[in-house]
Amino acid sequence: MKTLAFKSAFPHTVPVLTGFLFLGIAYGILMSERGFGVGWIFLTSSVVFAGALQFVAISLLTSAFDPLYAFIIAISINARHLFYGISMLKKLGDAGKVKPYIIFAMCDETFSILCSAEPPPNVNKQAFMFFVAALNQSYWVIGGVIGGLIGPLLTFNTYGIDFVMTAFFVVVFINRWRADGNHSPAESAEKLSVRIRSFSKTGLKPPVFCERIAAHGIFQHSPALIGLGAATVALLIFGADNFVIPAMILIIVCLTLFRRRV
Amino acid sequence: MVLATILILAIGTALTRFLPFILFPNAESAPKYVHYLGNVLPPAAISLLVVYSFRDISFASAPHGLPEILAVAAVAGLHIWRNNTLLSIGAGTALYMILVQFVF
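Keeping their order, the protein sequence lines are chains A and B.
So in our numbering, spot 260 of the first sequence is number 260, and the numbers just go up one at a time.
So in our numbering, spot 8 of the second sequence is number 270, and the numbers just go up one at a time.
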């Protein structure tokens, strides 16, 4: 039964396999450049397992010990996991023994797979979710170890390789944008047409832009756009080092207001 | 000290992942507002990450974020065109490394 769950989980993780090996190798190379051996890379990727934080924390590991700052950085960069947890409350409700591990290993990619992928009816759902999470983490750890091993052997200049994280986030953003677009255009068009109808009862013609928005299904993308806008505003006001928490607060405020309006 | 820092990072990360489950042990009893947030927060969070990765670019001084803009355009263009994660990330990163090492 477990083999079956493994076999049905694996295909879902293939895109992550390539991405994580690549990112993991880049991480391993960066770590080895700072003098960390394979053991440290293996340990960090196993117990922290948070890509963005691990990249950011490389400089933290080499500077003076500052536990409070490390804790705040970990919380603020990973605060988005709170969002994932909230989204997964129902789905993981009956995950049993493997639930703690799945929660522990809920990275962006595992989250996005578990959001959409359903195992075939004859496959144990818990085992399926477990293998998705465990496979993804294994790719990340293996990639890091490979990077740590080949890092010292590299002769070319690796300056700029940290751009992998940016590229990765842009790709996740585009994937998510597409998924949101496929989600429920009918549903949000319905919401809007209700508003347009109630508008026309007043005897006035609804503004043209309303119909246009309905046609383009821009509503599915509102959370993404709100995120971009709020984060940019917070960055401009608070600066590069302190903007994550204010950005999160601003995002929650905007999304709450948005909910009242729609 | 490195070990202590790694453990603190691990604890902080685990906290963000476990907290919702600690606060709402029974999913059904979580308020509707929390479920609404669960639906809309993920895309917003990814947007935040995109902005986060651009936080250190100075558009005011040379090269005005040009390597980043070009490389991100390449990543986005490739991904929309071919939809191949490895290609988009790999080619985009290679372009960026070439730009910052040889061009700018």
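Built from N, CA and C at the ideal position, the CB exists for glycine as well.
**OP:** Taking Gly85/A and Pro325/B to be in contact with their CB atoms under 8 Å, please state how far apart those CB atoms are, rounded to whole angstroms.
**Re:** Incorrect: roughly 40 Å between the Cβ atoms, too far for contact.
Original post:
Between the region 344 to 358 of chain B and the region 156 to 173 of chain A, do three or more beta carbon pairs fall short of 8 Å?
Top reply: yes
Original post:
Excluding five sequence neighbours on each side, which residues of the same chain lie with their C-beta closer than 6 Å to the C-beta of Gly96/A?
Top reply: Gln126
**OP:** With a cut-off of 8 Å on the beta carbons, I'd call Ala356/B and Phe104/A a contact; round off their distance for me.
**Re:** About 33 Å; that fails the 8 Å criterion.
Subject >> Cβ distance (whole Å) where Ile270/B is taken to contact Pro67/A below 8 Å >> reply: 5 Å
Original post:
Which whole-angstrom value describes the C-beta separation of Ser8/A and Phe128/A, a residue pair presumed to lie in contact below a C-beta threshold of 8 Å?
Top reply: 6 Å
**OP:** Would you mind reading off the limits of the alpha helix (DSSP H) that contains Ser87/A?
**Re:** 80 to 88
**OP:** Take every Cβ of the region 56 to 75 of chain A, pair it with every Cβ of the region 111 to 125 of chain A, and state whether three or more of those distances are shorter than 8 Å.
**Re:** no
Original post:
Would you call Ala240/A buried or exposed, if buried means 16 or more other Cβ atoms sit within 10 Å of its Cβ?
Top reply: exposed
**OP:** Could you tell me the boundaries of the alpha helix (DSSP H) in which Met129/A lies?
**Re:** 125 to 150
Subject >> Between the CA atoms of Leu235/A and Ile161/A - distance to the nearest angstrom >> reply: 24 Å
Original post:
Which bits of chain B does Thr18/A rub up against, with CB to CB less than 7 Å?
Top reply: Thr347, Leu348
**OP:** Can you have a look at Ile323/B and say buried or exposed, based on whether 16 or more other CB atoms are within 10 angstroms of its CB?
**Re:** The identity of residue 323/B in the sequence shown is Ser, whereas the question assumes Ile. Flag for Ser323/B reads exposed.
Original post:
Apart from the five residues on each side of it in sequence, which residues of its chain come closer than 8 Å, Cβ to Cβ, to Leu340/B?
Top reply: Asn346, Leu349, Ser350, Ala353, Gly354
**OP:** Return the CA-CA distance between Ile247/A and Tyr298/B, expressed in angstroms with no decimal places.
**Re:** It should be pointed out that residue 247/A corresponds to Ala in this sequence rather than to Ile. Approximately 19 Å, taken between the alpha carbons.
Original post:
Going straight from the alpha carbon of Asn157/A to that of Ile331/B, what length do you get?
Top reply: 21 Å
Original post:
Can you tell which of Met88/A, Leu30/A, Ile75/A has the C-alpha that lies nearest to the C-alpha of Thr62/A?
Top reply: Leu30/A
Original post:
Using a Cβ cut-off of 7 Å, which residues of the region 62 to 92 of chain A contact any Cβ in chain B, in chain order?
Top reply: Phe65, Pro67, Ala70, Phe71, Ala74, Ile75, Asn78, Ala79, Arg80, His81, Leu82, Phe83, Tyr84, Gly85, Ile86, Ser87, Leu89, Lys90
Original post:
In its own chain, which residues sit with a C-beta less than 7 Å from the C-beta of Leu149/A, not counting the 5 before and 5 after it?
Top reply: Val38
**OP:** Grab me the residues of Ala70/A's own chain with a C-beta within less than 8 Å of its C-beta, minus the 5 sequence neighbours each way, in chain order.
**Re:** Ala57, Leu60
**OP:** Taking C-beta pairs closer than 7 Å, name the residues in chain B that Ala5/A reaches, listed in chain order.
**Re:** Correct list: empty, because the minimum Cβ distance to chain B is about 22 Å.
Subject >> Selection of the region 161 to 185 of chain A by Cβ proximity to chain B, strictly under 7 Å >> reply: Ile161, Phe163, Val164, Met165, Thr166, Ala167, Phe168, Phe169, Val170, Val171, Val172, Phe173, Ile174, Arg176, Asp180
Original post:
Going by the beta-carbon positions, is the gap between Val47/A and Ala74/A smaller than 9 Å?
Top reply: no
Subject >> Endpoints, alpha helix (DSSP H) assigned at Ser320/B >> reply: Ser320/B -> no alpha helix (DSSP H), and no H or E assigned at all.
Subject >> Residues, ordered as in the chain, of the region 231 to 249 of chain A that lie near chain B by beta-carbon distance below 9 Å >> reply: Ala231, Thr232, Ala234, Leu235, Gly239, Ala240, Asp241, Phe243, Val244, Ala247, Met248
**OP:** Please look up how many angstroms separate the CB atoms of Gln137/A and Gly181/A, rounded, as I've assumed it's under 8 Å.
**Re:** 29 Å between Cβ atoms; not a contact.
Subject >> Whole-angstrom distance between Thr3/A and Ser320/B, CA atom to CA atom >> reply: 51 Å
**OP:** Could you tell me whether the Cβ of Leu135/A comes closer than 9 Å to any Cβ of chain B?
**Re:** no
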